[in-house]
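Comments concern the structure below.
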Amino acid sequence: MNIALIGASGFIGSGLLKEALARGHHVTALVAHPEKLAPQPQLTVLQADVQDTAALAAQLKGHDAVLSAFSGHAQQNLYDYYLDGIRSIVAASKAAGVERLLVVGGAGSLEVAPGVQVVDTPDFPEQWKQSALGAREALRLLQQEQELNWSMLSPSALIAPGERSGRFRLGLDQLLVDADGKSHISVEDYAVAMLDELEQGAHPRQRFTVGY
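Read in order, the letters of the sequence shown are residues 209 to 420 in this note's numbering.
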């Protein structure tokens, strides 16, 4: 496939880039700082501003799918900046005629009990709250989207670089925990789950999650 990957040099985006290239896809990496990515076969690197919808639409045109690992973590007003970016990515995808959009979500909107989401629990870290609330609102925006065939993949509570095992579980709206009560996934296995979704399309217009 011909994939446009937004945020390809970031924490999760770099894992998605590695997995997509390993599977033989051609990737257009849309990043704020192209110098962060070394040249590779099947890789085109473009400087992009997700807030410039018209310019982004021109860059997305001709691709089979858009993968968004956009986070906006370096911004001071993270919540608004992230949501403005997601709205722009949705609008640009539609303007470019790309119907398939896959979005890196957050764990904060997963349920730990009926009606209780991770972000609303007393121990949720304050420094991650704006990011989690933004991702929750992004999910709500996508759920109202009628034109795009979107999917959002929420990681487990802890996501960190590790092993590409290919062994994990998928769920929908509930936080996944292992036998020891730990909710975790490696960046590498998260990328496997996301690229599986791109290739197989098992969760159209759904949020789903991955964990051990």
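Heads up, the beta-carbon is just placed ideally off N, CA and C, and yes, glycines get one too.
Cutoff 8 Å; reference residue i; Cβ partners in own chain excluding five residues on either side
| i | result |
| --- | --- |
| P242 | V253, L254 and Q255 |
Secondary structure of residue i, DSSP reduced to three states
| i | result |
| --- | --- |
| L318 | coil |
| I393 | strand |
| V222 | Reading the sequence as shown, one finds Ser at residue 222 and not Val. The answer is helix: DSSP assigns S222 an H, G or I state. |
| R413 | coil |
| M209 | coil |
| A387 | coil |
| Q325 | strand |
| G280 | coil |
| G270 | coil |
Length of the line joining the Cα atoms of residue i and residue j
| i | j | result |
| --- | --- | --- |
| S217 | L229 | 14 Å |
| L384 | A401 | 14 Å |
| L403 | K226 | 11 Å |
| A299 | T261 | 7 Å |
| G314 | S339 | 8 Å |
| G316 | G342 | 10 Å |
| S394 | S362 | 13 Å |
| P247 | L238 | 14 Å |
| A303 | D272 | 14 Å |
| V235 | Q250 | 6 Å |
| N210 | L406 | 11 Å |
| L366 | K269 | 34 Å |
| P330 | G232 | 44 Å |
Beta-carbon proximity list for residue i, same chain, < 7 Å, skipping 5 on both sides
| i | result |
| --- | --- |
| G293 | V258, Q259, F278 and G280 |
| S296 | V258, Q259, T261 and L264 |
| L318 | Q325, V326, S362, D381, Q382, L383 and T417 |
| G223 | V395, E396, Y398 and A399 |
| E353 | V298 |
Neighbour-count burial assignment, residue i, 16 or more Cβ in a 10 Å radius
| i | result |
| --- | --- |
| Q284 | exposed |
| A410 | exposed |
| A368 | exposed |
| D397 | buried |
| L310 | buried |
| L349 | exposed |
| A275 | It is Leu, not Ala, that sits at residue 275 in the sequence shown. That one is buried. |
| A266 | exposed |
Neighbourhood of residue i by C-beta, 6 Å cutoff - its chain only, sequence neighbours within 5 removed
| i | result |
| --- | --- |
| A346 | I294 |
| D386 | Y420 |
| task | Would you be able to state if there are at least three C-beta pairs under 8 Å between the region 372-379 and the region 320-327? | result | no
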